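> Each residue of the sequence shown is one higher than the one before, counting from 1 in full-length UniProt numbering. Even glycine gets a Cβ: it sits at the ideal position worked out from N, Cα and C. All values reported here derive from a predicted model rather than from experimental measurement.
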Amino acid sequence: METAKSAIKHGAIVFASPWNPPSDMVETFNRNGNTSAKRLKYDKYAAYAQHLNDFVTFMKNNGVNLYAISVQNEPDYAHEWTWWTPQEILRFMRENAGSINARVIAPESFQYLKNLSDPILNDPQALANMDILGTHLYGTQVSHFPYPLFKQKGAGKDLWMTEVYYPNSDNNSADRWPEALDVSHHIHNSMVEGDFQAYVWWYIRRSYGPMKEDGTISKRGYNMAHFSKFVRPGYVRIDATKNPNANVYVSAYKGDNKVVIVAINKSNTGVNQNFVLQNGSVSQVSRWITSSSSNLQPGTNLNITGNHFWAHLPAQSVTTFVVNR
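Following this line, the structure appears as structure tokens:
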């Protein structure tokens, strides 16, 4: 509770994702030969919705207004929690989720498996009761990031990536270089290929996380900061040439009368990259660089010509540009 309060005090939003219902709502069943698999009892769906409401109320009474609440964490990878089939999730979303007094996140597949979310998108009542389509990206190939059915049916709904660590959870891997560049590249793909509106890391403080066990920011954390520090809530991603050179990946965002450009160079050599902003001129460009030898280090001033500027992207680096127009 104190952690949640502190997060809100620092401007974060807090959402909840349950692993298991209360034990009296759970039954075991035979799932592919596993007789100890757990699921929500079919006659407890309404009670479970009330349980989620009770948690929302409990948090509110203790000073934490939850932004949203999930129906179930990873219902398709529930070796240590509660399994739900696509039809079970659909039934709950259609018949019970509408009574929840918070934004509802569903279905939170561990791997963005669309068989879990397709039925919700194809059912008008279930879809009406879902506010945020949430998913995890464990082992999900980038080719599976796009979701045409969501684009077709999900107007007015948010699309959140609610949990991942990447590229691995190896012990003491957080500062490995250039492996840490995979983090910014994964965020890039989540934004550009997946059109996600949120990207949530698993444990913040871990030997493989954005913060190491001693509380210092890791290389993985600095890669994340190239997005999170500059692309603020309410910003909108805008079109950019996503792969202007071999092993160079670019995305762009606008908000607060600024344009933020994140450029990742995964090649072994530096690249001189031209950036052209359409529909207006550029007055000032600030930049920050993370490489093998620097961590979110401010760069030197850039020469600006009208609506474009050139910048050197060091080998195996990520650079964030903040453009004032």
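1. Measuring alpha carbon to alpha carbon, tell me which of 17, 139 and 87 ends up nearest residue 53.
2. Are residue 14 and residue 64 touching if we call contact CB-CB under 7 Å?
3. In chain order, what residues of the same chain lie with their CB nearer than 6 Å to the CB of residue 235, ignoring the 5 residues before and after it?
4. Going by beta carbon distance, what residues of the same chain come within less than 8 Å of residue 4, once the five residues before and after it are set aside?
5. Alpha carbon to alpha carbon, how far is residue 316 from residue 309? Give it in angstroms, no decimals.
6. Would you check if the distance between the CB atom of residue 73 and the CB atom of residue 160 is smaller than 7 Å?
7. On the criterion of 16 or more Cβ atoms from any shown chain inside 10 Å, does residue 191 qualify as buried, or is it exposed?
8. Applying the criterion that 16 or more other CB atoms from any shown protein chain within 10 Å of the CB defines a buried residue, is residue 136 buried or exposed?
9. Does the segment 271-286 come within contact of the segment 206-219, defined as at least 3 CB pairs closer than 8 Å?
10. Which of the three DSSP states is assigned to residue 237 in this structure?
11. Considering only the beta carbon of each residue, do residue 401 and residue 187 sit closer than 7 Å?
12. Could you say if the segment 34-50 and the segment 103-115 meet the contact criterion of at least three C-beta pairs nearer than 8 Å?
13. By alpha-carbon positions, which one of 303, 290, 171 and 320 ends up nearest to residue 258?
14. Please report the distance separating the alpha-carbon of residue 288 from that of residue 302.
15. Select from 37, 99, 193 and 286 the residue whose C-alpha is nearest the C-alpha of residue 80.
16. Please work out which residues of its chain come closer than 8 Å, Cβ to Cβ, to residue 269, disregarding the five sequence neighbours upstream and downstream, and give them in chain order.
17. From the DSSP output, in three-state form, read off residue 150 for me.
18. Assign residue 42 to one of three DSSP states: helix, strand, or coil.
19. How is residue 89 classed by DSSP in three states: helix, strand or coil?
20. What is the rounded straight-line gap between the Cα of residue 144 and the Cα of residue 323?
21. Keeping to the same chain, check which residues put their C-beta closer than 7 Å to that of residue 183; ignore five residues upstream and five downstream.
22. Using CA coordinates, which residue listed in 266, 104 and 134 is at the minimum distance from residue 177?
23. Between residue 237 and residue 298, what straight-line distance do the alpha-carbon atoms span, to the nearest angstrom?
In brief:
1. Position 53 of the sequence shown, counted from the first residue, corresponds to residue 53. The residue with the shortest Cα to Cα distance from residue 53 is 17.
2. Position 14 of the sequence shown, counting from 1, holds the residue named residue 14. Position 64 of the sequence shown, counting from 1, holds the residue named residue 64. Yes; because the gap between Cβ atoms is below 7 Å, this pair is in contact.
3. Against the sequence shown, residue 235 aligns to sequence position 235. If we look at residue 235 and ignore the five residues flanking it on each side, its Cβ neighbours are 253 and 255.
4. Working through the sequence shown from its first residue, we reach residue 4 at position 4. The residues are 14, 59 and 64.
5. The count along the sequence shown starts at 1 and reaches residue 309 at position 309. The count along the sequence shown starts at 1 and reaches residue 316 at position 316. For residue 309 and residue 316, the distance between alpha carbons rounds to 21 Å.
6. Here residue 73 refers to the residue found at position 73 of the sequence shown. Here residue 160 refers to the residue found at position 160 of the sequence shown. Note that the C-beta distance between residue 73 and residue 160 is not below 7 Å.
7. To locate residue 191, count along the sequence shown from 1; it is residue 191. Buried: at least 16 other Cβ atoms inside 10 Å.
8. Residue mapping note: residue 136 aligns to position 136 of the sequence shown, counting from 1. Residue 136 sits buried, since 16 or more C-beta atoms from the chains shown fall within 10 Å of its C-beta.
9. Short answer: they don't touch.
10. Here the question's residue 237 lines up with position 237 in the sequence shown. If DSSP states are grouped into helix, strand and coil, residue 237 belongs with the strands.
11. Past the boundaries of the shown model lies residue 401; the chain is included only from 1 to 325, so the question cannot be answered.
12. Verdict: no, contact absent.
13. Locating residue 258 in the sequence shown gives position 258, counting from the first residue. Residue 320 is the option with its Cα nearest to residue 258.
14. Counting from 1 along the sequence shown, the entry for residue 288 is found at position 288. Counting from 1 along the sequence shown, the entry for residue 302 is found at position 302. Rounded to whole angstroms, residue 288 to residue 302 spans 12 Å at the Cα level.
15. The count along the sequence shown starts at 1 and reaches residue 80 at position 80. Of the candidates 37, 99, 193 and 286, the residue whose Cα lies closest to the Cα of residue 80 is 37.
16. Here residue 269 refers to the residue found at position 269 when the sequence shown is read from its first residue. So the qualifying residues of the chain are 315.
17. What you label residue 150 is simply residue 150 of the sequence shown in a count that begins at 1. Helix, per DSSP.
18. What you label residue 42 is simply residue 42 of the sequence shown in a count that begins at 1. In this structure, DSSP gives residue 42 a helical state, which the three-state scheme calls helix.
19. Sequence index remark: in the sequence shown, residue 89 carries index 89 (1-based). It is helical.
20. Counting from 1 along the sequence shown, the entry for residue 144 is found at position 144. Counting from 1 along the sequence shown, the entry for residue 323 is found at position 323. Rounded to whole angstroms, the gap between the alpha carbons of residue 144 and residue 323 is 32 Å.
21. Position 183 of the sequence shown, counting from 1, holds the residue named residue 183. Closer than 7 Å at the Cβ level, and outside the excluded window around residue 183, lie 166, 220, 223 and 224.
22. Within the sequence shown, numbered from 1, the residue matching residue 177 stands at position 177. Relative to residue 177, the option among 266, 104 and 134 whose CA is nearest is 266.
23. If you number the sequence shown from 1, residue 237 lands on position 237. If you number the sequence shown from 1, residue 298 lands on position 298. Spanning the two alpha carbons is a distance of roughly 23 Å.
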